[in-house]
Structures are given as structure tokens and as C-alpha cells.
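The opening residue of the sequence shown carries number 3 in this note's numbering; numbering runs sequentially from there.
Note that the Cβ used here is the ideal one computed from N, Cα and C, for glycine as well.
All figures in this text were calculated on a predicted structure; none of them were measured in a lab.
To start, the structure under review is shown below, and the notes come after it.
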Amino acid sequence: MRVYREKGITLLGAGALGVLLGCGGAQPTPGPATPATEGASASAPKAAASGTAAKEPVETGNDCVKAEAQCDGGECVLSIKNDCAQAVSCDATMTTTCKAATDMMEAARRKRETYPAKSDGELRLVGNCSSGEVVRTAMKSLSCK
């Protein structure tokens with residue numbers, strides 16, 4: 003019987019040690035915020051709260067044409083600024099990744115528009131998921147000639 007008592011005491015001792023070491027204890031308190039983490043934590047909720055993606059520069063292949071893309075939720079909107087002395091045609095392609103119940107699929111869209119010399123314009127591409135939901139939307143390419 004003595005053997006059983008020693009095992010019981012050992013188990014009780016291990017349980018007490020676990021409690022002392024913090025198993026299931028209180029959460030650690032966060033330290034003071036540094037300027038780097040303070041800025042990041044302040045901007046993250048704003049981006050999440052607004053629900054819109056940020057505009058990103060896109061290479062056009064033409065020095066006098068500048069473009070920015072904003073892609074989110076199956077749609078990419080390109081802001082085109084043509085500073086060229088002649089009209090340019092821009093050919094854009096985007097991809098939309100869709101998640102269905104059992105698989106993932108990718109849909110591509112392509113659109114071409116012409117912009118007069120020294121003008122600004124907008125090119126809008128919309129990708130559709132035939133089934134499932136949109137997981138990711140991204141620009142694939144933009145070429146302005």
C-alpha cells in the first residue's frame with residue numbers, strides 16, 4: 003500500500019507545481035507602446051474599419067502614363083493619368099480567386115480602353131465567381147501604348 007501513497011503524493015505535487023508555474027493563470031500585461039508599434043496599431047483598425055483597400059502604384063510600360071490600382075471584393079479600379087502628347091490605349095488584366103465548398107478557382111478579366119492626350123480616366127474591372135465567395139482580387143498586368 004505504501005507504493006500507492008507515494009504515487010498519489012507525486013501526482014498531487016505535480017498538480018501543485020503546474021498551478022505555481024502558471025498553467026491557466028492570468029494573462030501577461032502588455033508593456034508600454036513604442037512609437038513603431040503605436041503607429042502600426044493605430045493604422046490597422048482604421049484600414050479594417052474603412053473596409054477599402056489602399057491604392058497601389060501599377061507599372062504601365064509607358065513613362066508618361068501613371069496608374070494606381072485599388073482592388074477589393076472582386077473589383078479593381080485603376081486611376082489612369084495620361085501625360086503623353088498623344089492618346090494611349092491601356093490593356094489591363096486582373097485575377098479573382100474564388101473559394102467554393104470543396105475547391106478554389108481563379109477567374110481572369112481583361113479590359114482595354116483608350117485615353118486622350120493629357121487626360122485622366124478610370125478603368126474598372128469586375129471579376130465574377132460563378133460559385134462560392136471572392137477570396138482575393140489582384141491586378142495581373144497593365145500595358146499602355
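Determine the extent of the beta strand (DSSP E) in which residue i is found, giving its start and end residues.
i, result
"Glu135", "Glu135 to Cys146"
"Asn64", "From DSSP, Asn64 is part of no beta strand (DSSP E); its letter is neither H nor E."
"Ser81", "Glu77 to Asn84"
Would you call the CB atoms of residue i and residue j closer than 7 Å?
i, j, result
"Arg114", "Thr95", "no"
"Cys73", "Ala140", "yes"
"Thr116", "Ser81", "no"
"Gly134", "Ala102", "yes"
"Lys83", "Lys68", "yes"
"Gly63", "Ser145", "yes"
"Cys78", "Ala89", "no"
Opposite residue i in the DSSP bridges: which residues?
i, result
"Asp93", "Arg114 and Ser145"
"Gln72", "Val79"
In its own chain, which residues sit with a C-beta less than 8 Å from the C-beta of residue i, not counting the 5 before and 5 after it?
i, result
"Gly76", "Thr98, Val128, Gly129, Asn130, Cys131, Val136 and Thr139"
Leaving out the 5 sequence neighbours to the left and right, which residues in its chain are closer than 6 Å to residue i when beta-carbon positions are compared?
i, result
"Cys66", "Asp85 and Cys86"
Got a sec: is the Cβ-Cβ distance from residue i to anything in chain B below 7 Å?
i, result
"Tyr117", "Absence of chain B from the displayed structure is noted, only one protein chain being present."
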